[in-house]
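Everything below concerns the one structure shown next.
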Amino acid sequence: MHVVVLGAGVIGVTTAHALLDDGHEVTLIEAEEGPACGASHANAGQISPALSAPWAVPGLATKAVGWMFAQYPPLRLGKVPDLATLGWLLRMFRAANAADYDRSKRAMVALGTYSRERLAALRAALPIDYAGAQRGTFVLFRKRDQAAAYERDLDALAQLGVAGMRIDLDTLQRAEPNLDVAGAGIVGAVHLPGDETGDCRRFTTGLLDAIADRTGFRLLLSTRASGLQTAGDRVRAVSLEGGGSIAADAVICCLGVGSSAFLRMAGLSVPVAPLKGYSLTIPADSAAVGPLSTVSDETYKVGVTYLRDRIRVGGTAELAGFDTSRPEPRYAGLLHVVRTLFPTVPEKALEQAERWSGLRPMTPDGPPILGQARLDNLFLNTGHGTLGWTMACGSASVTADLLAGRRPAIDMAPFSPLRFAGRGG
Ligand SMILES: Cc1cc2nc3c(=O)[nH]c(=O)nc-3n(C[C@H](O)[C@H](O)[C@H](O)COP(=O)(O)OP(=O)(O)OC[C@H]3O[C@@H](n4cnc5c(N)ncnc54)[C@H](O)[C@@H]3O)c2cc1C
0 MHVVVLGAGV IGVTTAHALL DDGHEVTLIE AEEGPACGAS HANAGQISPA LSAPWAVPGL
60 ATKAVGWMFA QYPPLRLGKV PDLATLGWLL RMFRAANAAD YDRSKRAMVA LGTYSRERLA
120 ALRAALPIDY AGAQRGTFVL FRKRDQAAAY ERDLDALAQL GVAGMRIDLD TLQRAEPNLD
180 VAGAGIVGAV HLPGDETGDC RRFTTGLLDA IADRTGFRLL LSTRASGLQT AGDRVRAVSL
240 EGGGSIAADA VICCLGVGSS AFLRMAGLSV PVAPLKGYSL TIPADSAAVG PLSTVSDETY
300 KVGVTYLRDR IRVGGTAELA GFDTSRPEPR YAGLLHVVRT LFPTVPEKAL EQAERWSGLR
360 PMTPDGPPIL GQARLDNLFL NTGHGTLGWT MACGSASVTA DLLAGRRPAI DMAPFSPLRF
420 AGRGG
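No gaps in the numbering here: position 337 of the sequence shown is 336 in numbering that gives the first Met the number 0, and each next residue is one more.
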């Protein structure tokens, strides 16, 4: 079968790889000049099944009001929301109830865990250097009530078979010797030992290099998909901007924040909204001055991650449409976190740090959208939000399973594209 995969972020490239392994011919189409130029470029580097959870958390409204007055808010409104964003926000607040949260979290943890297994298998088969490490996540609390609230998450994780434990501050200090536990006012911590870290862009480009010469693979860069040509209930071809088209037996949409606009042209309403985030890539030996693994600062919702010769600091969420500008004040929160947690990181390295912003492809309820959509041979693998690196290899595998008519290893119902039908689109 000739499958056209749209988008060469981490989701599209892992999907292309899984489909080639299944014996398909694959054409991968990407609008930019290279892979991983979108959200997959410089994310926080956490591969974290244990932190997989929706933003639509019970009590979201109260939290959001509190964040409006915070010095470094984890979530902010970057501009007055348009009607589409308001509709998306409404859906998110509707999903922020205990039952929906629990269902979505279970599904996301299951996909994250399965994805970690698939990543390990891929690592064993292909030698890709992505500065990866398998040393878990340390969640840091600067306030006592955060630690108490996290107990509930640990119980929920235990029920899902995911390891997580409270650790004392001496244990934390031994595990992360460069962390200024006392100076930063850390009062508690949790260790999630099954989590991993790694550079998503290096992985994506490395995987693409590894499949570049495979028989049946074709890569079209600087090529924008502009629509779908259909015949009855099937896609016949993908139209290209500037003319021409590519015939397809099946199409997989992995367009990240480009998904909604593209699919709308095919008559599909898919609520994937851009949620802007920022990162710093600090040129410094992480083992010498930064984390040995990844630390997640619960107060600011910022991750600081070991990437060997660099330290990645990522976080913040802003509803700002498709704007990817990088005003320096937006990095103040990230700089505050790294200065307080790892004060031995030289100021010079902070000045030289690469400033980046990217758009997370968010669904309102949390889980990505995976599966066949309306047309018989159109599949979606999109909407991975804050966790696309974590969920990439698993999402690719289940997509290949669905295309082949195999039963995926996890329950697919919570990821169905149909779950939004009848709720305004
Ligand atoms: C600040 C920040 C921190 C993050 N931290 C983490 C983390 O620690 N762990 C984690 O798991 N996740 C993290 N994420 C989320 C993760 O980066 C994303 O979920 C993931 O990269 C999404 O991958 P994608 O392939 O779907 O999207 P993208 O990487 O954006 O890829 C989509 C591709 O489609 C292309 N495209 C769009 N429209 C068209 C078209 N019409 N034709 C052709 N090509 C097109 C784009 O150019 C792009 O290359 C973070 C995100 C941000 C912004």
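Note that the Cβ used here is the ideal one computed from N, Cα and C, for glycine as well.
If you drop the 5 nearest sequence neighbours on each side, which residues of the same chain put their C-beta closer than 7 Å to that of residue i?
| i | result |
| --- | --- |
| Leu-254 | Leu-5, Gly-6, Phe-261 and Thr-381 |
| Met-411 | Leu-369, Gly-370 and Val-397 |
| Leu-76 | Leu-318 |
| Phe-414 | Ala-106, Pro-366, Pro-367, Ile-368, Leu-369 and Gly-370 |
| Gln-133 | Glu-195 |
| Asp-308 | Asp-284 |
| Gly-135 | His-190, Leu-191, Pro-192, Gly-193, Asp-194 and Ser-292 |
| Ala-146 | Phe-140, Val-186 and Gly-187 |
| Leu-267 | Ala-372 and Arg-373 |
In its own chain, which residues sit with a C-beta less than 6 Å from the C-beta of residue i, not counting the 5 before and 5 after it?
| i | result |
| --- | --- |
| Ile-166 | Ala-188 and His-190 |
| Asp-485 | Residue 485 is absent from the structure shown; the chain starts at 0 and stops at 424. |
| Arg-422 | Note that Arg-422 has pLDDT 44, beneath the 50 cutoff, so the model's placement of it is unreliable and no number is given. |
| Ala-162 | Pro-192 and Gly-193 |
| Glu-353 | Thr-280 |
| Ala-30 | Arg-223 |
| Leu-377 | Val-234 and Val-250 |
For residue i, verify whether its CB is less than 7 Å away from any heavy atom of ligand 1.
| i | result |
| --- | --- |
| Cys-392 | no |
| Tyr-277 | yes |
| Thr-398 | no |
| Trp-54 | no |
| Val-9 | yes |
| Glu-353 | no |
| Gln-45 | yes |
| His-383 | yes |
| Arg-201 | no |
| Arg-261 | The displayed chain sequence assigns Phe, not Arg, to residue 261. Checking the Cβ of Phe-261 against ligand 1 gives yes. |
| Trp-87 | no |
| Arg-223 | yes |
| Arg-359 | yes |
| Thr-389 | yes |
Where does residue i fall in DSSP's three states?
| i | result |
| --- | --- |
| Tyr-71 | coil |
| Gly-424 | Here the model assigns Gly-424 a pLDDT of 37, short of 50, so the residue's position is not dependable, and the following value carries that caveat. DSSP places Gly-424 in coil when its eight states are reduced to three. |
| Val-336 | helix |
| Trp-54 | coil |
| Ile-46 | strand |
| Gln-145 | helix |
| Phe-202 | helix |
| His-426 | The first residue shown for the chain is 0 and the last is 424, placing residue 426 beyond what the model contains. |
| Ala-109 | helix |
| Val-28 | Just to set this straight, residue 28 is Ile in the shown sequence, not Val. In this structure, Ile-28 counts as strand in the three-state DSSP scheme. |
| Ala-157 | helix |
| Ala-60 | helix |
| Ala-209 | helix |
| Arg-354 | strand |
| Asp-400 | helix |
| Glu-240 | coil |
For residue i, I'd like the list of residues in its chain whose CB is within less than 8 Å of its CB, leaving aside the five on either flank, ordered along the chain.
| i | result |
| --- | --- |
| Val-2 | Leu-18, His-23, Glu-24, Val-25, Thr-26, Ala-247, Asp-248, Ala-249, Val-250, Ile-251 and Leu-402 |
| Asp-81 | Gly-320 |
Pull up the DSSP beta-bridge partners for residue i, would you.
| i | result |
| --- | --- |
| Tyr-100 | BP columns for Tyr-100 are empty, so no partner. |
| Leu-178 | Looking at the DSSP assignment, Leu-178 forms no beta bridge with any residue, so it has no partner. |
| Arg-359 | Leu-274 |
| Ile-310 | Ile-281 and Tyr-305 |
| His-190 | Phe-137 and Met-164 |
| Ile-251 | Val-4 and Phe-378 |
Contact between the region 308-325 and the region 284-298 (3+ Cβ pairs under 8 Å):
The region 308-325 makes contact with the region 284-298, as at least three CB pairs between them are under 8 Å.
Given 8 Å, three or more beta-carbon pairs between the region 38-52 and the region 97-114
By the Cβ rule, the region 38-52 counts as touching the region 97-114, because three or more pairs are nearer than 8 Å.
Stretch pair the region 207-218 + the region 167-184: three plus CB contacts closer than 8 Å:
Contact fails: fewer than three Cβ-Cβ distances are below 8 Å.
Quick test of the definition: if touching needs 3 or more C-beta pairs under 8 Å, does the region 53-68 touch the region 121-139?
Three or more beta-carbon pairs separated by less than 8 Å are not found between the region 53-68 and the region 121-139, which leaves the two stretches without contact.
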